[in-house]
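Asker: For the numbering used here, add 33 to where a residue sits in the sequence shown, where the first one is 1.
All C-beta atoms, glycine included, are put in the ideal place defined by N, C-alpha and C.
Because the structure is a prediction, the values reported are computed rather than measured.
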Amino acid sequence: MNLFPIFQYGLVGTFVVLLGTFLLVMLSESVEGYASPLFGLDAKNDTLTFLGIGLGGVLLALQALMSYRRAKALEDTANTQAAAAKAQADATREQAKANHNTEQGQRQERLKNAIEHLGHASDSVRLGGAYELFHLADDTEELQQRQPMLDILCVHLRQTTGKDEYRKKHPSKPSEEIQSLLTFLFVQEHEVFKGLRINLQGSHLNGADLTQARLEKADLTGAYLRGANFSWAWMQEAVLAKAHLQSPDFREARLQLARLDWTKMQGTNLHGTWMQGASLVQAELQGAYLSGARLQLANLGSARLQAASLDQVQFQEASLDGATWSATDSNASSFEDRMRRGIWRVNLYRRLQDDPYQRDPYEAIFAGGLKQEDLDSLVEGLPDERVKEFRGKLKPHVGKPASHELPGGFTGAYTAQEAEQWIAEYDEAMSEAGSVAP
Numbered sequence: 034m035n036l037f038p039i040f041q042y043g044l045v046g047t048f049v050v051l052l053g054t055f056l057l058v059m060l061s062e063s064v065e066g067y068a069s070p071l072f073g074l075d076a077k078n079d080t081l082t083f084l085g086i087g088l089g090g091v092l093l094a095l096q097a098l099m100s101y102r103r104a105k106a107l108e109d110t111a112n113t114q115a116a117a118a119k120a121q122a123d124a125t126r127e128q129a130k131a132n133h134n135t136e137q138g139q140r141q142e143r144l145k146n147a148i149e150h151l152g153h154a155s156d157s158v159r160l161g162g163a164y165e166l167f168h169l170a171d172d173t174e175e176l177q178q179r180q181p182m183l184d185i186l187c188v189h190l191r192q193t194t195g196k197d198e199y200r201k202k203h204p205s206k207p208s209e210e211i212q213s214l215l216t217f218l219f220v221q222e223h224e225v226f227k228g229l230r231i232n233l234q235g236s237h238l239n240g241a242d243l244t245q246a247r248l249e250k251a252d253l254t255g256a257y258l259r260g261a262n263f264s265w266a267w268m269q270e271a272v273l274a275k276a277h278l279q280s281p282d283f284r285e286a287r288l289q290l291a292r293l294d295w296t297k298m299q300g301t302n303l304h305g306t307w308m309q310g311a312s313l314v315q316a317e318l319q320g321a322y323l324s325g326a327r328l329q330l331a332n333l334g335s336a337r338l339q340a341a342s343l344d345q346v347q348f349q350e351a352s353l354d355g356a357t358w359s360a361t362d363s364n365a366s367s368f369e370d371r372m373r374r375g376i377w378r379v380n381l382y383r384r385l386q387d388d389p390y391q392r393d394p395y396e397a398i399f400a401g402g403l404k405q406e407d408l409d410s411l412v413e414g415l416p417d418e419r420v421k422e423f424r425g426k427l428k429p430h431v432g433k434p435a436s437h438e439l440p441g442g443f444t445g446a447y448t449a450q451e452a453e454q455w456i457a458e459y460d461e462a463m464s465e466a467g468s469v470a471p
């Protein structure tokens with residue numbers, strides 16, 4: 034029940050009565066003679082003072098009541114506005130939820146269609162499905178929410194290239210579908226998946242063109258990459274352990290901190306490659322072209338470098354324990370002949386014998402030979418936590434003359450029989466990849 038009107042009318046009535054009495058007492062002696070004894074007062078002035086005080090009290094009460102009424106009205110208005118705002122917010126939230134559900138439904142439908150298209154018998158339809166997945170990822174604001182789409186695309190690449198029928202049909206060069214997808218995902222539109230996991234373990238990508246590809250931290254463990262082109266690619270911290278890398282092209286590629294342990298890299302072109310801190314434990318690099326490669330702080334423990342070109346390779350602070358280079362048995366010349374005919378047989382002989390610019394392969398740099406600007410460029414692109422470590426270990430080599438003295442870690446512990454085996458393995462690998470030896 035609202036008591037405000039009752040109080041208001043009561044106060045107004047009291048004010049009117051007191052005001053009337055005040056005026057009558059002031060103007061009429063007879064009324065004054067009656068009113069003064071009624072209030073217990075003797076003098077007219079005392080009666081008027083009493084009535085005036087009563088009028089003032091009533092006015093104050095009315096003022097307080099009106100102030101309360103205004104405040105209550107403001108409060109009611111504020112509450113009404115707040116309720117309206119809440120209702121609007123609730124409506125907006127419900128609409129956003131409905132939109133989200135609609136969008137999620139549309140995304141799920143797009144995802145379903147894309148996956149169905151990936152399993153189609155037609156190459157063009159499968160490629161279209163891959164593009165659908167890419168555009169779905171591109172429309173996703175949160176980077177981590179794009180990972181499932183990339184995972185599906187990588188599974189498609191692994192499964193498609195892993196089929197026996199595909200491997201027999203495309204032993205040395207990817208199909209147009211696979212090459213188009215590789216170029217699109219990792220060269221042309223690589224920013225969409227930047228920083229996400231790329232899993233291409235065991236993929237059959239012999240002869241793939243991945244020039245300037247962005248494959249940082251990509252997992253290519255056990256992948257078949259014979260004759261692939263990775264020149265100028267960005268592959269920092271990539272994992273290529275046990276990968277089949279006979280005769281690929283890694284010119285000027287960035288492989289800092291990459292894992293290349295137990296890889297088969299016979300005849301690989303690693304000219305000018307950035308491989309600081311890379312791990313190449315037991316890597317098979319026979320006949321590889323490493324001229325000008327940057328291998329500071331790399332681990333080449335037990336790596337096999339027979340007939341590899343090491344001209345101006347930078348080995349400062351690299352681990353070379355057990356790495357093999359020169360033949361030591363009596364059949365060395367026979368081994369050299371076989372290497373010329375076998376590993377990288379098209380141009381190895383020319384490189385080692387006829388190239389007028391070919392210098393002593395022992396002119397690799399094992400200490401010194403660095404300038405400050407060289408050091409700055411060598412640590413470019415490395416993780417922050419490794420930059421300080423690399424700078425500290427390489428700083429003693431800055432401003433010092435280059436040393437070509439062969440370190441004790443290099444050995445010549447292999448036999449002609451082992452050389453025969455390496456050449457046979459290389460010939461077999463390249464034969465599987467569809468290469469025909471001259």
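Report the three-state DSSP secondary structure of Ala117 (helix, strand or coil).
Answerer: Looking at Ala117 - three-state DSSP - the assignment turns out to be helix.
Asker: Is it buried or exposed, Tyr101, if we count other Cβ atoms within 10 angstroms and call 16 or more buried?
Answerer: exposed
Asker: Tell me whether the beta-carbon of Gly310 lies closer than 8 Å to the beta-carbon of Ala331.
Answerer: Yes. Within cutoff.
Asker: Measuring alpha carbon to alpha carbon, tell me which of Phe423, Gly195 and Thr113 ends up nearest Gln234.
Answerer: When only C-alpha atoms are compared, the closest one is Gly195.
Asker: Counting only the same chain and skipping the five closest in sequence on each side, list residues whose C-beta sits under 7 Å from that of Arg292.
Answerer: Val272, Leu273, Ala274 and Ser312
Asker: By alpha-carbon positions, which one of Leu88, Asp172, Met59 and Gly90 ends up nearest to Asn78?
Answerer: Met59
Asker: Quick one: which unbroken alpha helix (DSSP H) runs of 4-plus residues sit fully inside the stretch 143–192? Chain order, please.
Answerer: 156–171
Asker: State the beta-bridge partners of Asn112 as determined by DSSP.
Answerer: Paired residues: none, contrary to the question.
Asker: Provide the residue span of the alpha helix (DSSP H) that contains Thr216, from first to last.
Answerer: Glu209 to Thr216
Asker: Run through DSSP, which three-state label would Phe368 get?
Answerer: For Phe368, the predicted structure reports a pLDDT of 40, less than 50, and the residue's modelled location is therefore unreliable. The matter cannot be settled from this model.
Asker: Does Leu411 come out as helix, strand or coil in the three-state DSSP assignment?
Answerer: helix
Asker: Would you report the Cα separation of Ser436 and Gln345, rounded to the nearest angstrom?
Answerer: 11 Å
Asker: Excluding the five sequence neighbours on either side, which residues of its own chain have a C-beta within less than 8 Å of the C-beta of Ser213, listed in chain order?
Answerer: Leu160
Asker: So, with DSSP's three-state summary, where would you put Ser100?
Answerer: Note: Ser100 maps to helix in three-state DSSP.
Asker: Leu229 and Leu303 - do their beta-carbons sit closer together than 8 Å?
Answerer: no
Asker: Quick one: what does DSSP say Val346 is sitting in, helix, strand or coil?
Answerer: Secondary structure at Val346: coil, using DSSP grouped into helix, strand and coil.
Asker: Looking at the structure shown, is Leu318 part of a helix, part of a strand, or coil, going by DSSP?
Answerer: coil
Asker: Along the chain, where does the alpha helix (DSSP H) containing Val420 start, and where does it finish?
Answerer: Asp417 to Leu427
Asker: So if DSSP puts Asp282 in a beta bridge, which residue, or which two residues, is it bridged to?
Answerer: Looking at the DSSP assignment, Asp282 forms a beta bridge with Asn262 and Asn302.
Asker: Could you work out which residue in Arg327, Ala397, Glu418 and Leu166 is closest to Ser21 when comparing CA atoms only?
Answerer: The chain is shown from 34 up to 471; residue 21 falls before or after that span and cannot be answered.
Asker: Which stretch, first to last residue, makes up the alpha helix (DSSP H) that contains His287?
Answerer: Residue identity check: residue 287 is Arg in the sequence provided, not His. Careful: Arg287 lies outside any alpha helix (DSSP H) and carries neither H nor E.
Asker: List the whole-angstrom C-beta distance separating Leu144 from Leu169, where the pair is believed to meet the contact cut-off of C-beta under 8 Å.
Answerer: 6 Å
Asker: Considering Cα atoms alone, identify which of Gln349, Gly325 and Ala351 is closest to Ala341.
Answerer: When only C-alpha atoms are compared, the closest one is Gly325.
Asker: Can you give me the C-alpha to C-alpha distance between Ser352 and Glu142, rounded to a whole angstrom?
Answerer: Whole-angstrom Cα-Cα distance: 53 Å.
Asker: Between Glu165 and the rest of its own chain, which residues show a CB-CB distance below 7 Å, the 5 nearest in sequence each way excluded?
Answerer: Arg143, Asn146, Ala147 and His150
Asker: Can you tell me whether Met99 is buried or exposed? The criterion is at least 16 other CB atoms within 10 Å of its CB, across all chains shown.
Answerer: exposed
Asker: Of the residues Ser264, Arg200, Phe423 and Ala163, which one's Cα is nearest the Cα of Val188?
Answerer: Considering only Ser264, Arg200, Phe423 and Ala163, the residue with the shortest C-alpha distance to Val188 is Ala163.
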